[in-house]
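I have placed the structure first, in the form of structure tokens, so that the comments after it can refer back to it.
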Amino acid sequence: MMRYVLGRLGGVILILLAVCLFTYLIFFKLSPDPAVMICGKTCTPERIDSIRDVLGLNQPLLTQFWDFLSGIFVGRDYGSVHCSAPCLGYSFQTNESVWSMITARLPVSITVAVGAAVLWLLVGVIGGLVSAVKQGTWWDRSAMGLALGGVSVPNYVLALVLQYVLVVKLQLLPFPSAVPFADDPLLWLESYLMPWVVLAVGYACLYARLTRSNVIDTLAENYYRTARAKGLSGALIMRRHALRPALTPITTIFGMDFAGLLGGALITETVFGLNGIGKMAADSIAKNDQPVIMAVTLLAAFFVVIGNVVVDLLYTALDPRVRVVSS
Amino acid sequence: MTTSPALVEVEEAVPSSAPPTSGRRILTAVTRDKGALACLVFLAIVVLMAVAAPLITNLSGWGPYQFDSAAINSDLGGVPHGSLGGISGSHWFGVEPQNGRDLFARIVYGARVSITISLSATLLTGILGVVLGMLAGFYRGWVDQVISRLMDFLMAFPALIFMIAILSSLPSGNRPVLLVVVISAFGWPYLARVIRGQTMTLANREFVEAARASGAKDSQVVFREILPNLRGSIVVMTTLAIPGYIGTEAGLSFLGVGVSPPTASWGQMISSSVSWYSVDPMFFAIPGLFLFLTVLSLTVLGDKIRTLIDQGEAA
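For the record, the sequence lines run as chains L and P. Under this note's numbering, the first residue of the first sequence is numbered 2, with each subsequent residue one higher. Under this note's numbering, the first residue of the second sequence is numbered 6, with each subsequent residue one higher.
Structure, rendered in structure tokens:
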């Protein structure tokens, strides 16, 4: 088991390094010269040269990459500007270290992701479960029809429709803003409600369909029939023999989806003007602020890769059939 | 069913006996299901719009880039005249606020962009996914290692952020081609993963061993024994991928890195309607509805086909 975990962690480090290198090459080689971007309109060749020097752009590529990597662990200096320990770069457009930009916005993204996740898990899993048990009834058919519709709405379309109906026409909700919970809990709830719903709808529908088909498959398994034949009570069979195997695959997918959202819900945050990681990414892309774009890409990849490992470890704990045989 | 005698004749004319997952069986089943048939009809209309866009706009009278300053109220900041976003006899879906471009024409030309890009991306991902997935599953060993690590790597990427970043930093060039390449580059691992797994299982089956024992070469085994058995998965995965790619294209255009204006795309139309949605809701409702219905139709159809193929395999 220990060997397996260590092996996986090694794989994680390799993948993250590859993502780092690839992002670095794309952003710093394909896109316009960062020195020219920073220098702005009133620019002299000497100034460009000195900026290049400060950023280390005159160094060979590998040296630059090494500086970037070591900056993450020990910090680095850009001329007179110091960027301390987890240094993912420095944005010369906002004059801030990228790390502090990220930590300032992470709470908003986490709030959006966690709220939506709770919503879609509840609605999706319970909806799918009820559909599976009442298979073939009008409830099942309408729920699954609705789920197909929900999967098909692009979230920015849903966001605009909700905003038009709930905010502009009916004036039931305020326009979303990233209010901290401690300032005004009610306004906080009202603000995040629409983003949560918009983000959750697609996932909820997907999870409902998955849960339904997994539970139906499980109900046809031999061990389920055995359990019934033994005369166990309905609730116990449902919990121990049907739900556990049916929901294990959902855990896997949930881990991946949730990890993907921690790197920022780009479209939802942008449409609702919530200042999280996703909106920061969109803004930085518009301004071509490369250090920020790169850091967000890395952060998001980091979450996905870690999520992947956590899910695999969890899976072995949840599903006795796939436990690694220690040889 | 009135057509069954004709069908029986055709079946008999092909003695090789069509496999249970034949296209014909699926087509008849789809046309018998009302919901699926409605989806098929709607998709046919969208495809027709895409193919015959110039003809249709000739009939409707307005091109996608023509400004109609008579249709908008310049005193009110360019809001369309009349209710419902300026829907009238000459502008069937109304006009864009501010410059008065005909929404019907832009929807029709937008269909062209959506369909072309999503179908090309599907084709490219299909080829990449099937070829690489089969290579990995068939040869295993280091080939599998290389391809699998590449897939892990690509799937670890935050695809949307990365697509936006690449598209915004690359020179504009030929946007549609760039979109197709970028979408496919991040899309193929999802198909390849499934194909790889199935190829691995198939390669161990008796009929493959039998083919090998009778002296078939690798290429014969791959094309005659394995590929035909993957057909069901390929059809299902690709049909269900198309709506995803339509959504991705629209999303990228919505975020401003897709097709560049003045070319119309549904996503880009929705994007430009954002600042108008409170005064002119029709401007976003129309492209939003078309996008939703197209994605919905494809999803419903894909789902139906999957059920049919699963039933065929179980039979």
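Cβ atoms here follow ideal geometry from the backbone N, Cα and C, with glycine treated the same way. Because the structure is a prediction, the values reported are computed rather than measured.
Between which residues of its own chain and A18(P) is the CB-CB distance below 7 angstroms, once the five residues before and five after are set aside?
Start at 1 with the first residue of the second sequence, and residue 18(P) comes out as number 13. Unreliable positioning characterises A18(P) in this predicted model, as indicated by a pLDDT of 41, which lies under 50. The coordinate reading is nonetheless provided below. Counting only Cβ-Cβ distances below 7 angstroms, and skipping sequence neighbours, we find nothing.
V20(L) touches chain P at which residues, Cβ-Cβ below 8 angstroms?
Here the question's residue 20(L) lines up with position 19 in the first sequence. Within chain P, the residues near V20(L) are F158, A161 and F162.
If we count the other Cβ atoms within 10 Å of its Cβ and call it buried at 16 or more, is Y114(P) buried or exposed?
To locate residue 114(P), count along the second sequence from 1; it is residue 109. Y114(P) comes out buried.
A247(L) beta carbon less than 8 angstroms from that of V216(L)
Locating residue 216(L) in the first sequence gives position 215, counting from the first residue. Locating residue 247(L) in the first sequence gives position 246, counting from the first residue. Yes, Cβ-Cβ distance for V216(L) and A247(L) is below 8 angstroms.
Kindly identify the DSSP beta-bridge partner or partners of C84(L).
Against the first sequence, residue 84(L) aligns to sequence position 83. Within the DSSP bridge table, the entry for C84(L) names R77(L) as partners.
Quick one: Cα of W100(L) to Cα of V109(L), how far?
Working through the first sequence from its first residue, we reach residue 100(L) at position 99. Working through the first sequence from its first residue, we reach residue 109(L) at position 108. Taking the straight line from one Cα to the other gives about 15 angstroms.
With DSSP as the reference, label E222(L) as helix, strand or coil.
On the first sequence, residue 222(L) is found 221 positions in, with the first residue counted as 1. DSSP places E222(L) outside both helix and strand once states are collapsed to three, so it counts as coil.
Could you check what DSSP says for N78(P) in three-state terms: helix, strand or coil?
By one-based count along the second sequence, residue 78(P) stands at place 73. Looking at N78(P) - three-state DSSP - the assignment turns out to be strand.
is_contact[Y193(L), chain P] using C-beta, thresh 8 angstroms
Counted from its first residue, the first sequence places residue 193(L) at position 192. Y193(L) does not count as touching chain P.
Span of the alpha helix (DSSP H) around G237(P):
Taking the second sequence and counting its residues from 1, the one referred to as residue 237(P) is at position 232. It spans L232 to F259 - the alpha helix (DSSP H) in which G237(P) sits, taken as one unbroken run.
Where V180(L) falls: helix, strand or coil (DSSP)
Here the question's residue 180(L) lines up with position 179 in the first sequence. Here V180(L) sits in coil by DSSP.
Using the three-state DSSP reduction, which class does P85(P) fall into: helix, strand or coil?
Taking the first residue of the second sequence as position 1, residue 85(P) is located at position 80. Looking at P85(P) - three-state DSSP - the assignment turns out to be strand.
Distance cutoff 8 angstroms, beta carbons only. Does G256(L) sit that close to anything in chain P?
Counting from 1 along the first sequence, the entry for residue 256(L) is found at position 255. No, G256(L) does not count as interfacial toward chain P.
State whether the region 249–268 of chain P contacts the region 263–277 of chain L, with contact taken as three or more CB pairs (one from each stretch) at a distance under 8 angstroms.
Using a C-beta cut-off of 8 angstroms, the region 249–268 of chain P makes contact with the region 263–277 of chain L, since at least three inter-stretch Cβ pairs fall below that distance.
From L64(P) to W189(L), what does the alpha carbon distance come to, in whole angstroms?
As a first step, residue 64(P) must be located in the second sequence, where it is residue number 59. As a first step, residue 189(L) must be located in the first sequence, where it is residue number 188. Taking the straight line joining both Cα atoms gives about 52 angstroms.
Any residues in the region 270–285 of chain P with a beta carbon nearer than 9 angstroms to a beta carbon of chain L? Which ones, in chain order?
From the region 270–285 of chain P, only G272, I275, S276, S278, V279, Y282 and S283 have a Cβ closer than 9 angstroms to chain L.
Give the straight-line distance between the Cα atoms of N309(L) and I132(P), rounded to the nearest whole angstrom.
The sequence position of residue 309(L) within the first sequence is 308, counting from 1. The sequence position of residue 132(P) within the second sequence is 127, counting from 1. N309(L) and I132(P): Cα-Cα distance of roughly 27 angstroms.
CB contact flag (R311(P), V241(P), <8 angstroms):
Reading the second sequence from its first residue, position 306 is the one you call residue 311(P). Reading the second sequence from its first residue, position 236 is the one you call residue 241(P). Yes; because the gap between Cβ atoms is below 8 angstroms, this pair is in contact.
Alpha carbon to alpha carbon, what distance is there between A246(P) and G307(P)?
Here residue 307(P) is taken as the residue at index 302 of the second sequence, counted from 1. Here residue 246(P) is taken as the residue at index 241 of the second sequence, counted from 1. Linking G307(P) to A246(P) through their CA atoms gives a straight-line distance of about 9 angstroms.
Drop a sphere of 10 angstroms on the beta-carbon of A215(P), count the other beta-carbons inside from all chains shown, and report buried for 16 or more, exposed for fewer.
Within the second sequence, residue 215(P) is the residue found at index 210, counting from 1. When all chains shown are included, A215(P) counts as exposed.
Could you tell me whether any Cβ in chain P is nearer than 8 angstroms to the Cβ of L298(L)?
Here residue 298(L) corresponds to residue number 297 of the first sequence, with the count starting at 1. Residue 298(L) is actually Thr in this sequence, not Leu. At least one C-beta of chain P is nearer than 8 angstroms to the C-beta of T298(L).
What residues from chain L crowd round P248(P), counting only those whose CB sits closer than 8 angstroms?
Translated into the one-based positions of the second sequence, residue 248(P) becomes position 243. What P248(P) touches in chain L: S153.
Whole beta strand (DSSP E) runs in the region 284–310 of chain P with 3 or more residues, listed along the chain?
Counting only runs of 3 or more, we get nothing.
So, L89(L) versus L314(L), is the Cβ gap smaller than 8 angstroms?
Within the first sequence, numbered from 1, the residue matching residue 89(L) stands at position 88. Within the first sequence, numbered from 1, the residue matching residue 314(L) stands at position 313. In this structure, L314(L) does not lie closer than 8 angstroms to L89(L) by Cβ.
Quickly, what does DSSP pair Y91(L) with across the bridge? List them, please.
Within the first sequence, residue 91(L) is the residue found at index 90, counting from 1. Beta-bridge pairing links Y91(L) to S98(L).
F28(L) at chain P interface by Cβ criterion, 8 angstroms
The count along the first sequence starts at 1 and reaches residue 28(L) at position 27. Chain P contact via Cβ: present.
So, is Y224(L) buried or exposed, given that buried needs 16 or more other C-beta atoms within 10 angstroms?
Working through the first sequence from its first residue, we reach residue 224(L) at position 223. Taking every protein chain shown into account, the CB of Y224(L) has fewer than 16 other CB atoms within 10 angstroms, so this residue is exposed.
Measure the alpha-carbon distance for Y282(P) versus V264(P) and round it to whole angstroms.
Mapped onto the second sequence, residue 282(P) falls at position 277. Mapped onto the second sequence, residue 264(P) falls at position 259. Our two residues, Y282(P) and V264(P), have alpha carbons roughly 22 angstroms apart in a direct line.
Under 8 angstroms between C-beta atoms of V84(P) and D285(P)
Start at 1 with the first residue of the second sequence, and residue 84(P) comes out as number 79. Start at 1 with the first residue of the second sequence, and residue 285(P) comes out as number 280. In this structure, D285(P) lies closer than 8 angstroms to V84(P) by Cβ.
Identify whether V126(L) lies in helix, strand or coil by the three-state DSSP scheme.
Numbered from its first residue, the first sequence carries residue 126(L) at position 125. It is helical.
Near Q322(P), which residues of its chain fall below 7 angstroms by C-beta distance, leaving aside the five closest residues on each side in sequence?
What the structure shows of chain P is the stretch from 6 to 320, and residue 322(P) is not part of that stretch, so it cannot be assessed.
Give the DSSP-derived three-state secondary structure of D107(P) in the structure shown.
As a working mapping, residue 107(P) is identified with position 102 in the second sequence. In the structure shown, D107(P) sits in a strand (DSSP, three-state: E or B).
Interface residues of chain P facing V305(L) [CB-CB closer than 9 angstroms]
Residue 305(L) sits at position 304 when you count from the first residue of the first sequence. M160, A161, F162 and P163, listed in chain order.
For V35(P), return the contacting residues in chain L, with the cut-off set at a CB-CB distance below 7 angstroms.
Counting from one through the second sequence, the residue named residue 35(P) turns up at place 30. Near V35(P) there are no residues of chain L at all, since even the closest Cβ is about 15 angstroms away, more than 7 angstroms.
What is the rounded straight-line gap between the Cα of I27(L) and the Cα of I171(P)?
If you number the first sequence from 1, residue 27(L) lands on position 26. If you number the second sequence from 1, residue 171(P) lands on position 166. Answer to the nearest angstrom: the Cα atoms are 7 angstroms apart.
Could you name the residues of the same chain whose beta carbon sits closer than 7 angstroms to that of A76(P), not counting the 5 residues immediately before and after it, in chain order?
On the second sequence, residue 76(P) is found 71 positions in, with the first residue counted as 1. Non-local beta-carbon contacts of A76(P) in its own chain, meaning distances under 7 angstroms to residues more than five positions away in sequence, involve P85, H86, G91, H96, V100 and G105 in chain order.
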